[in-house]
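S.K.:
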Amino acid sequence: MNTPDIDWESIGFNYVATDFNVRCTYKNGSWGKLRICDSPNINISIASSCLHYGQEAFEGIKAFRGHDGQIRIFRLEENAQRLQASCDGLVMPQVPTELFTEAVIQAVKLNERFIPPYESGATLYIRPLIIGVGHLLGVRPAAEYEFIVFTSPISSYFKTGFSATKAGILRGYDRSAPLGTGCYKVGGNYASGMRAGVRIHELGYSSIIYLDPKEKKYIDECGAANFFGIRGDTYITPKSRSILPSITNNSLMQLCRDFGWAVEQRPVPVDELSTFDEAASCGTAAVVCPISQIDDIDTGHSYIIAKDGRPGPKCTKLYNHLRDIQYGRTDDTHGWNTLI
Numbered sequence: 040m041n042t043p044d045i046d047w048e049s050i051g052f053n054y055v056a057t058d059f060n061v062r063c064t065y066k067n068g069s070w071g072k073l074r075i076c077d078s079p080n081i082n083i084s085i086a087s088s089c090l091h092y093g094q095e096a097f098e099g100i101k102a103f104r105g106h107d108g109q110i111r112i113f114r115l116e117e118n119a120q121r122l123q124a125s126c127d128g129l130v131m132p133q134v135p136t137e138l139f140t141e142a143v144i145q146a147v148k149l150n151e152r153f154i155p156p157y158e159s160g161a162t163l164y165i166r167p168l169i170i171g172v173g174h175l176l177g178v179r180p181a182a183e184y185e186f187i188v189f190t191s192p193i194s195s196y197f198k199t200g201f202s203a204t205k206a207g208i209l210r211g212y213d214r215s216a217p218l219g220t221g222c223y224k225v226g227g228n229y230a231s232g233m234r235a236g237v238r239i240h241e242l243g244y245s246s247i248i249y250l251d252p253k254e255k256k257y258i259d260e261c262g263a264a265n266f267f268g269i270r271g272d273t274y275i276t277p278k279s280r281s282i283l284p285s286i287t288n289n290s291l292m293q294l295c296r297d298f299g300w301a302v303e304q305r306p307v308p309v310d311e312l313s314t315f316d317e318a319a320s321c322g323t324a325a326v327v328c329p330i331s332q333i334d335d336i337d338t339g340h341s342y343i344i345a346k347d348g349r350p351g352p353k354c355t356k357l358y359n360h361l362r363d364i365q366y367g368r369t370d371d372t373h374g375w376n377t378l379i
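Quick note on my numbering: the sequence shown kicks off at 40 and runs consecutively.
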C-alpha cells in the first residue's frame with residue numbers, strides 16, 4: 040500500500056480526505072446495492088428533507104490497527120442498532136444491520152492505507168450517515184434516502200489528550216427537549232448545542248455540563264458526550280430520555296462490573312457533584328476525558344473533583360483497559376471487536 044504522508048499525531052479531530060466512500064440508495068420502498076464512490080461530494084435536490092427539516096442521522100465508529108497488525112472495528116453491531124433507533128425517531132427507513140456492517144467493513148478495507156500505525160496516537164474514524172433526499176416541499180418524511188459511509192484518520196479529540204480539564208455549567212442552554220430527539224444521534228442536537236459550546240469555550244472551559252431541560256436539577260450530558268462520576272467503587276452516570284445512549288459509556292459500565300465495581304445509572308442531582316472522587320465525559324471521539332473541576336457559572340459555586348488536577352486512578356484504569364481491548368492488547372471477552 041502507498042502510505043499517505045500524514046503527521047498522525049497532529050491531525051486532531053479534523054476531516055482528512057481518504058480514497059473512497061460507500062453509498063446505498065433507498066427508493067421505492069427498498070434499499071439498493073452498495074456502490075463505491077471516489078468523490079467526497081453529494082449531488083442532491085435543493086428540496087431534500089435533510090436540508091429543510093433535519094431528516095438525517097449518523098454514527099461514529101473507530102477502526103484500530105492493533106499491536107499484532109490486525110485491524111479491529113469496535114462495537115460495530117451496536118452502532119448499527121443505535122442508527123436504527125435514530126431512523127425510527129425521525130421516521131426514516133432502518134438501515135439493516137447486515138447492510139450497515141457490510142458498508143462499514145468495505146469502507147475500512149478500501150481506505151486501509153489511511154488506518155494510522157499502531158502507537159501513533161491516531162485511529163481511523165468511520166462516519167455512517169443517512170439523509171432524506173428527493174424533491175419534497177411539505178413537512179413529511181421523504182420517499183428517498185441516501186446511506187453513506189466515509190472515513191477519516193483522526194488523533195486526539197482534545198488537544199490536551201488524556202488529561203483532566205475544567206467544565207462549566209450554563210443554565211441558560213438546553214441540549215434537547217425532555218421528550219425530543221435527545222436520545223437519537225441526529226444533527227439537530229449538535230446544532231442546538233453549538234452556541235453554548237462557543238460560549239463555554241470563550242469562558243475558558245473545555246466543555247459544557249448541561250442540566251436536565253425540565254427542572255434544571257440533574258446532570259444531563261457533557262457537551263457532545265455522556266457524563267459519569269465515581270465515588271469509592273461505584274460508577275454513577277445519568278439516566279434520562281434526553282441523553283444519547285453512549286456505546287462508550289455502555290462499555291465502561293460493563294468494564295466496571297468486570298472489575299467488581301457497582302454501577303448506578305439514574306438521575307444525578309447537580310449537588311451530588313461535591314461527593315465524587317472522580318468525574319469524566321466519555322464518547323467515541325474522546326474515549327474518556329477526566330474532569331478536574333466543574334464551575335456552576337450562574338451560581339458561582341465550584342466543585343473541585345481532582346485537587347491535584349490530574350486524572351484519577353479509576354478513570355485511568357477504565358481508559359487504559361478499554362484501549363487495550365480496542366488495540367488487541369488484552370482479551371476481548373465480550374466480543375466487542377470485529378476483526379478485518
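Where is the CB? At the ideal position from N, CA and C, for every residue including glycine.
(1) For residue 258, which residues of its own chain have a beta-carbon under 7 Å away from its beta-carbon, when the five flanking residues on both sides are left out?
(2) Would you kindly check if the distance between the Cβ of residue 261 and the Cβ of residue 246 is under 8 Å?
(3) For a minimum of 4 consecutive residues, which ranges assigned as the alpha helix (DSSP H) are wholly contained in the segment 261-307?
(4) When the Cα atoms are used, what is the spatial distance from residue 84 to residue 134?
(5) DSSP three-state label for residue 109, please.
(6) Taking contact to mean 3 or more Cβ pairs, one atom from each stretch, closer than 8 Å, check whether the segment 355-374 and the segment 233-245 are in contact.
(7) Helix, strand or coil for residue 330, going by three-state DSSP, please let me know.
(8) Looking at C-beta atoms only, is the number of pairs between the segment 43-59 and the segment 183-192 that lie closer than 8 Å three or more?
(9) In the DSSP assignment, the beta strand (DSSP E) including residue 167 goes from what residue to what residue?
(10) What are the residues that DSSP puts in a beta bridge with residue 379?
(11) Measure from the alpha carbon of residue 272 to the alpha carbon of each residue in 375, 297 and 73, then state which is nearest.
(12) The alpha helix (DSSP H) with residue 355 in it runs from where to where?
(13) Is the beta carbon of residue 117 closer than 8 Å to that of residue 136?
(14) What does DSSP give as the partner residue(s) for residue 103 in the beta ladder?
(15) Which two residues bound the contiguous alpha helix (DSSP H) that contains residue 186?
(16) Which of the three DSSP states is assigned to residue 6 in this structure?
(17) Taking a contact to mean a Cβ-Cβ separation below 8 Å, would you say residue 285 touches residue 321 in this structure?
(18) Taking the C-alpha atoms as reference points, what is the distance between residue 170 and residue 88?
(19) Contact criterion: CB-CB distance below 8 Å. Does residue 135 meet it with respect to chain D?
(20) Answer with buried or exposed for residue 185, where buried requires no fewer than 16 other C-beta atoms within 10 angstroms of its C-beta.
(21) Can you give me the Cβ contacts of residue 289 inside the same chain, cut-off strictly under 7 Å, excluding the 5 residues immediately before and after it?
(22) For the segment 317-336 against the segment 198-217, are there 3 or more C-beta pairs whose distance is under 8 Å?
(23) Looking only at DSSP bridge pairs, what is residue 77 linked to?
(24) Evaluate residue 107 with the Cβ neighbour count: other Cβ atoms within 10 Å of its Cβ, from every protein chain shown; 16 or more gives buried, anything less gives exposed.
(25) State yes or no: is the C-beta of residue 263 within less than 8 Å of the C-beta of residue 175?
(26) So what's residue 250 in DSSP terms, helix, strand or just coil?
(27) Using C-beta distances below 7 Å, list every residue in its chain close to residue 149, excluding the 5 sequence neighbours before and after it, in chain order.
(28) So the candidates are 324, 302, 291 and 349; which of them puts its Cα closest to the Cα of residue 317?
(29) Around the Cβ of residue 131, are there at least 16 other Cβ atoms within 10 angstroms (buried) or fewer (exposed)?
(30) Grab the span of the beta strand (DSSP E) containing residue 63 for me, first residue to last.
(31) Which class does residue 196 belong to by DSSP, given the choice of helix, strand or coil?
M.R.: From the atom records:
(1) Excluding positions up to five away in sequence, the list reads 248, 250, 266, 277, 307 and 309.
(2) For the pair residue 246 and residue 261, the CB atoms are nearer than the 8 Å cut-off.
(3) As far as the segment 261-307 is concerned, its whole alpha helix (DSSP H) runs of at least 4 residues are 286-298.
(4) Rounded to the nearest angstrom, the two C-alpha atoms are 22 Å apart.
(5) Coil, per DSSP.
(6) Of all C-beta pairs linking the segment 355-374 to the segment 233-245, fewer than three are shorter than 8 Å, placing the two stretches out of contact.
(7) Here DSSP, grouped into helix, strand and coil, assigns residue 330 to strand.
(8) These segments touch.
(9) Where residue 167 is concerned, the enclosing beta strand (DSSP E) stretches over 162-172.
(10) Its beta-bridge partners do not exist; DSSP assigns none.
(11) Put simply, of 375, 297 and 73 the residue whose alpha carbon is nearest the alpha carbon of residue 272 is 297.
(12) It spans 352-365 - the alpha helix (DSSP H) in which residue 355 sits, taken as one unbroken run.
(13) Against a cut-off of 8 Å, the Cβ pair of residue 117 and residue 136 comes out as no contact.
(14) Per DSSP, 111.
(15) No alpha helix (DSSP H) holds residue 186; the beta strand (DSSP E) holding it covers 183-193.
(16) In the structure as shown, the chain begins at 40 and stops at 379. Residue 6 is therefore absent and cannot be evaluated.
(17) Yes, these two residues count as a Cβ contact at 8 Å.
(18) In this model, residue 170 and residue 88 are separated by some 8 Å (Cα to Cα).
(19) Structure shown: chain D not included; a single protein chain is present.
(20) Residue 185 comes out buried.
(21) Scanning its chain for C-beta atoms nearer than 7 Å, with the 5 sequence neighbours on each side dropped, one finds no residue around residue 289.
(22) Verdict: yes, contact present.
(23) Looking at the DSSP assignment, residue 77 forms no beta bridge with any residue, so it has no partner.
(24) So residue 107 ends up on the exposed side.
(25) Taking 8 Å as the Cβ cut-off, residue 263 and residue 175 do not qualify as a contacting pair.
(26) Here DSSP, grouped into helix, strand and coil, assigns residue 250 to strand.
(27) Only 58, 59 and 75 meet the Cβ criterion.
(28) Comparing alpha-carbon positions, the option among 324, 302, 291 and 349 lying closest to residue 317 turns out to be 349.
(29) Buried, by the Cβ-count rule.
(30) From DSSP, the beta strand (DSSP E) with residue 63 extends over 60-66.
(31) Residue 196 sits in coil when the DSSP states are folded into three classes, being neither helix nor strand.
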